[in-house]
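Undergrad:
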């Protein structure tokens, strides 16, 4: 895979979440942790405990009530999602149905600009990534024609190809069978090695944690406060 | 060979369609053929009327779409975030103008734009005079277009907003994180989802404007501002019955209305293909974002509802103190009790009939779904009445069923069947999405747990159907209450529904009473649509949640 | 707080039963609306215009009187306006299913087109026919019942505000002072409207084409019927409306009284004269089924020109009775005296030509209301 300097818009940075608090319905989310460059942390917890909310705050889709989020030295707490440089993979993949596979994968390039790199170049880059996951032949296909696993692979590539500085994954394997999950976990690890930014994986499957994560965050419930801290 | 139940349903639906639509149209076509001279079709007067019909329809449609599209996108975005009551209220308010009887709408606009109207009096009180452009606005093409716009913008906005709401928020969130701003999100994600609904709305508005009758008649200022519909009416309701002339008008009206109708069908088929292609069947993904600043969204939700309400404001001017006093006069109430009962009966029969026929067509279409050729043919023919005016179809009834139907003897059946023929496509469009999303897996689960077909239907499927069926009944009933064309074709002295009481009283100098009845008609038709639509959306949200 | 779930069976039963009950009940309450009177076949059926048969019209008042006299049953079938009456009898003849013996409410224009479907009297002449003035007699077979003089009604309050004198002749109407101040009816759908068109043709002859081209800029709107135009007139939309002189009497009877100069609504007369409309009744061809029925039909025609009916005509029909010996209300006595009644064409071919010519002039070229579309 080319590590073209021109495709790199954001430097690799560590993540620091400090005293982040958010009132959600009948509980308060309280998060305080750090993730290093290259770290793949897993956050396990029951449904409705605030995991997705944490990801949305880190992605800039929601604002916290208090606290800060830093990537490197930059305070990104109130930065818009477009400028934040955070990649997120949703449980439902969220591929854009009006665009084909290649257009989905290169969407981030088109939106963020490529500092003088032409369309041919970034499409070629995308084709290389697709080839890596065995999806090159589907480049012009409609995303609706893909299976669950194929869609998830496209979602991975789309989130990573433009080199985000933080990767967030919200239960990306929940709708897949065991064998496919295992394969995708391995592929995710391989893809992450190509661009080792801090990664936070939200899941409730311990096997996924074992396959992907290098560290762990804990979610503890203390009354009406849900604490998210590093596991010691 | 055993006849499958599905084909039986298709046969029954086709039979109804034949008797209600095909046969009357065929009778008209035969009559057209019997008009020996081709020159009759190119009569300069009728061509001039056709040109005016097209012109006012195009202006009305373009302006309605230019306003309705952004309005619908905004309301859709707001209700997508707010959900719940805000969505229901906004959609209900947007659907209400559909129930305003056009005769009442025209009267209202005269009250607003006329010399003695609110707007001119306002200018006079502020400036001491009324500017020429205001004075010349009423009784002109501009007034017709304005009235059409107020009538149709909410419909465009409603369809666009509903389509906008079906865009999964998670896709928009993903696009945001990939750097897409509002324009890019609209271009790549929202617009592909919305465009066919918008095209469908535009085509429906165009067809409605082509077939416009009361608004043109009352606000147009007379010839040359007239439509083929008004010209057709003049030829069958007055003097030496000029059926041939009426048929020529109907011919051109069919031609002009057919174009948007074909576009509707294309839009509907493309919309269905889009759903299949993308695997997207509805409102999937994350619920409205929790945790956003509550105050901020509530304000936009309220603004959305107020904007939707804006298009109803002109119609409330009919409710003056004097009008209400007249309406609650015992004498007046006594005189309108029987016409009111009759109108309610027609509305109930029409709505039940239209929804039953719509359901039959929906089930039949569902059966044909996997036979593309038959399915396309069925959809095309089922939707055909969308492009027909009730006068054209009524003329077909006259011509086709003359041997059995005496139009001047009055016929409740003819009134009801004619309205059913025109309104059942409305029911079809409301109910078809429910059929598309039948919860087959849930039904199977119910069967395996011992439920009979009826119990499984009642417990699993009926909650999904209930809302849309109620909405369809409400919308058709409300529209039927204010419908004038069918009842005017087949009324008699014993069958005088409420809309005809208005014109009868006006010819007896009872103008105040006529206005009071107009107000009552407005209240009933929009009230029914509002209540049932609001309640029915509880079911629609179940459909969305299920998706 | 989570709501306690109801028993599924109870919910099922309740909803199912309620739905069925609602479906049956809703139409039930409306059955009275359709309740047939269970009447037997009447002795005489008359096609009339709507307002005759409607509550408050002449019909409900006079029909019982006649029924008592003849010991028979009469049924009035409302069939719309004069034009629709013609359509009704045409359709009946076409279907060979003639339902009515008399038609009441046709005017002299409609009569000329309806003649093929109506029966002449032959040697019989209705009792009292000789008392009808010559100018109101149309033809053997047509019994005049009432007549109205068509004219412009003026709202003098608006004229005083505009400080403009009302028009005195037909040609005055194209004066720029009256731009968008006139309410007319569409001659294709309205008897008064057609009356105005034919009046202009009778008075102006070939100049009527130019007259209409100019008049296009003058009218505020053309309504399909008299009622629409008059409603707008009463709203104050325009100070002039084409109507009948008797409309002045209506307003006087309903409060617009006092000195003629001070009154708000006034009938204007043209120098050229006024057109008039004669409403009448006739026997439908091939409708009489028995000698008794013929006797009843003829008796009813005579009844229509009897004092009993003619005295009621002014305040019920708001038209003038054909019997000049009948005492009319004071408000009718104060109507302006028409010096010249203008006879308008009655030949159907000629009427059709005039209408076609009008249609071509109006539908093409410059728009109505002075160039504003």
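Protein chains in written order, with the working numbering: chain A, 1 to 232; chain B, 233 to 779; chain C, 780 to 1152.
Where is the CB? At the ideal position from N, CA and C, for every residue including glycine.
(1) Over the uninterrupted beta strand (DSSP E) stretch that includes residue 40/A, give me the two end residues.
(2) Considering only the beta carbon of each residue, do residue 451/B and residue 345/B sit closer than 9 Å?
(3) So residue 882/C and residue 1079/C are supposed to be a Cβ contact under 8 Å. How far apart are they, rounded?
(4) Taking only three categories from DSSP, how would you classify residue 167/A?
(5) Where do the ends of the beta strand (DSSP E) carrying residue 1058/C lie?
(6) Starting from residue 599/B, trace the alpha helix (DSSP H) in both directions and tell me its first and last residue.
(7) Taking any Cβ of chain D, which residues in the segment 389 to 420 of chain B have a Cβ under 8 Å from it, in chain order?
(8) Three-state secondary structure (DSSP) at residue 630/B?
(9) Going along chain B, which residues have a C-beta under 7 Å from residue 992/C?
(10) Which residues in chain B sit within 8 Å of residue 139/A, going by Cβ to Cβ distance?
(11) With distances taken between CB atoms, is the gap from residue 921/C to residue 1096/C smaller than 9 Å?
(12) Determine, using beta carbons only, whether residue 735/C and residue 1084/C come nearer to each other than 9 Å.
(13) Just the chain B side, please: which residues come within less than 7 Å of residue 998/C by C-beta, in chain order?
(14) Buried or exposed: where does residue 1062/C fall if 16 or more other Cβ atoms within 10 Å of its Cβ makes it buried?
(15) How about residue 203/A and residue 41/A: are their beta carbons less than 9 Å apart?
(16) Could you please give the first and the last residue of the uninterrupted alpha helix (DSSP H) stretch that includes residue 694/B?
(17) Using a C-beta cutoff of 9 Å, does residue 912/C count as contacting chain B?
(18) Secondary structure at residue 203/A, three-state DSSP: helix, strand or coil?
(19) Quick one, which residues of the segment 825 to 836 of chain C are near chain B if we go by CB-CB under 8 Å, in chain order?
(20) So, helix, strand or coil for residue 33/A, using DSSP?
(21) Note down, in chain order, each residue of its chain lying with its Cβ closer than 6 Å to the Cβ of residue 30/A, except the 5 sequence neighbours on either side.
(22) Which same chain residues end up closer than 7 Å to residue 726/B when comparing Cβ atoms and leaving out the 5 residues on each side of it in sequence?
(23) Quick one: is residue 1090/C near chain B, going by C-beta distance under 9 Å?
(24) In its own chain, which residues sit with a C-beta less than 8 Å from the C-beta of residue 430/B, not counting the 5 before and 5 after it?
(25) Grouping DSSP H, G and I as helix and E and B as strand, with all else coil, what is residue 1023/C?
(26) In terms of residue numbering, what span does the alpha helix (DSSP H) encompassing residue 51/A cover?
(27) Check this for me: beta carbons of residue 950/C and residue 975/C, under 9 Å apart or not?
(28) Where residue 1072/C and residue 942/C are concerned, what is the direct C-alpha to C-alpha distance, given to the nearest angstrom?
(29) Given 8 Å as the limit, is there contact between the segment 377 to 388 of chain B and the segment 34 to 50 of chain A, that is, 3 or more CB pairs closer than that?
(30) In angstroms with no decimal places, state the Cα-to-Cα distance between residue 525/B and residue 108/A.
(31) Any C-beta of chain B sitting closer than 9 Å to the C-beta of residue 228/A?
(32) Would a check of beta-carbon distances place residue 199/A closer than 9 Å to chain B?
(33) Using 10 angstroms around the beta-carbon of residue 817/C, count the other beta-carbons present and answer buried if the total reaches 16, otherwise exposed.
(34) Starting from the beta carbon of residue 99/A, find every residue of chain B whose beta carbon is closer than 8 Å, and list them in chain order.
(35) Between 314/B, 237/B, 756/B and 247/B, which lies nearest to residue 533/B when the distance is taken from Cα to Cα?
(36) Residue 1076/C to residue 737/B, Cα distance in whole Å?
TA: According to the structure shown:
(1) 40 to 44
(2) yes
(3) 12 Å between Cβ atoms; not a contact.
(4) strand
(5) 1053 to 1063
(6) 562 to 600
(7) As a matter of chain content, chain D is missing from the structure shown, whose protein chains are A, B and C.
(8) helix
(9) In chain order: nothing, as chain B lies at least about 12 Å away.
(10) Near residue 139/A there are no residues of chain B at all, since even the closest Cβ is about 17 Å away, more than 8 Å.
(11) no
(12) Nothing about residue 735/C can be reported from this structure: the residues present for chain C run from 780 to 1152 only.
(13) 454
(14) buried
(15) no
(16) 694 to 713
(17) no
(18) strand
(19) 829, 830, 832, 833, 834, 835 and 836
(20) strand
(21) 21, 225 and 227
(22) 642
(23) no
(24) 297, 301, 304, 388, 391, 392 and 395
(25) strand
(26) 51 to 59
(27) no
(28) 60 Å
(29) no
(30) With a pLDDT of 37 at residue 525/B, under the threshold of 50, the modelled position of this residue cannot be trusted; read the value that follows with caution. If I take the Cα positions, the gap works out to 28 Å.
(31) no
(32) no
(33) The pLDDT assigned to residue 817/C is 46, lower than 50, so where the model puts this residue is not dependable, and the model offers no usable value.
(34) 420
(35) 314/B
(36) 30 Å
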